[in-house]
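*Asks:* So the sequence shown is numbered by the working numbering: it starts at 10 and just counts up by one.
Take this structure, written in structure tokens, and hold onto it; I'll ask about it next.
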Amino acid sequence: MSSMGKPAAAEGISCRERHCISECPSKCQAQADGDCAGYKHGGSHNCFVMCQYFCKNSCESDCKSGSPRCPSGGAEACDPTCRTTCDNHCYDQEAPEYRPCLSGVFQGCKDGCEADCKGGN
């Protein structure tokens with residue numbers, strides 16, 4: 010280990026290369042955030058289907074029992090009410106592809122960035 014706590018092999022890297030490599034994580038995080046943005050919100054199709062199913066059943070049951078939770082439009086209002094509720098609920102969740110996308114894009118970018126800093130490729 011060097012005096013800076015880095016592995017001894019890192020001592021052969023120039024100051025310019027080290028500075029370049031130190032900028033890779035933030036550069037690659039920004040790239041991953043951009044490339045995977047489409048997966049950040051939107052949840053999964055399954056989220057929406059299940060939410061609609063349970064919300065609509067609950068809403069219709071509330072209306073049949075005379076519950077104050079029944080929408081003012083009665084049972085006919087359950088579908089649009091649940092659609093809005095589920096759109097909001099499921100949109101706030103990450104799609105299942107989001108984390109793997111972030112990881113893959115970040116790692117690929119970081120590997121390429123570090124190689125470029127060292128004069129590779």
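The beta carbon of each residue, even a glycine, is placed where N, CA and C say it ideally should be.
On the criterion of 16 or more Cβ atoms from any shown chain inside 10 Å, does Cys24 qualify as buried, or is it exposed?
*Replies:* With fewer than 16 Cβ atoms within 10 Å of its Cβ, Cys24 is classed as exposed.
*Asks:* To the nearest whole angstrom, what separates the beta carbons of Lys65 and Cys87, a pair I think is in contact under 8 Å?
*Replies:* With 8 Å as the limit, Lys65 and Cys87 qualify as a contact, their Cβ atoms being about 5 Å apart.
*Asks:* Counting Cβ pairs, one atom from each stretch, are 3 or more of them under 8 Å apart for the segment 81-97 and the segment 109-122?
*Replies:* These segments do not touch.
*Asks:* State the Cα-Cα distance for the pair Gly113 and Gln61, rounded to the nearest angstrom.
*Replies:* Cα to Cα, the separation comes out at about 32 Å.
*Asks:* Distance check for Glu32 and Ala42, CA to CA, integer angstroms please.
*Replies:* In the sequence under discussion, the amino acid at residue 42 is Asp, which differs from the Ala named in the question. So the alpha carbons of these two residues sit roughly 16 Å apart.
*Asks:* Rounded to whole angstroms, what is the Cα-Cα separation between Cys68 and Arg108?
*Replies:* If I take the Cα positions, the gap works out to 34 Å.
*Asks:* Just mark Gly14 as buried or exposed, buried being the case when its beta carbon has 16 or more other beta carbons within 10 Å.
*Replies:* Low confidence applies here, because Gly14 scores a pLDDT of 49, under 50, leaving its location unreliable and the question unanswered by this model.
*Asks:* Helix or strand or just coil, what does DSSP make of Gln116?
*Replies:* Of the three classes helix, strand and coil, the one that applies to Gln116 here is helix, per DSSP.
*Asks:* Measure the alpha-carbon distance for Cys126 versus Met59 and round it to whole angstroms.
*Replies:* Cys126 and Met59: Cα-Cα distance of roughly 48 Å.
*Asks:* Where does Phe63 land, buried or exposed, given buried means 16+ other C-beta within 10 angstroms?
*Replies:* Phe63 is exposed by the Cβ-count criterion.
*Asks:* Once the 5 residues before and after Cys37 are set aside, which same chain residues still bring their CB inside 7 Å of it?
*Replies:* Answer for Cys37: Phe115, Cys118, Lys119, Cys122, listed in chain order.
*Asks:* Pick helix, strand or coil for Arg25, following the three-state DSSP scheme.
*Replies:* Residue state, collapsed to three classes: helix.
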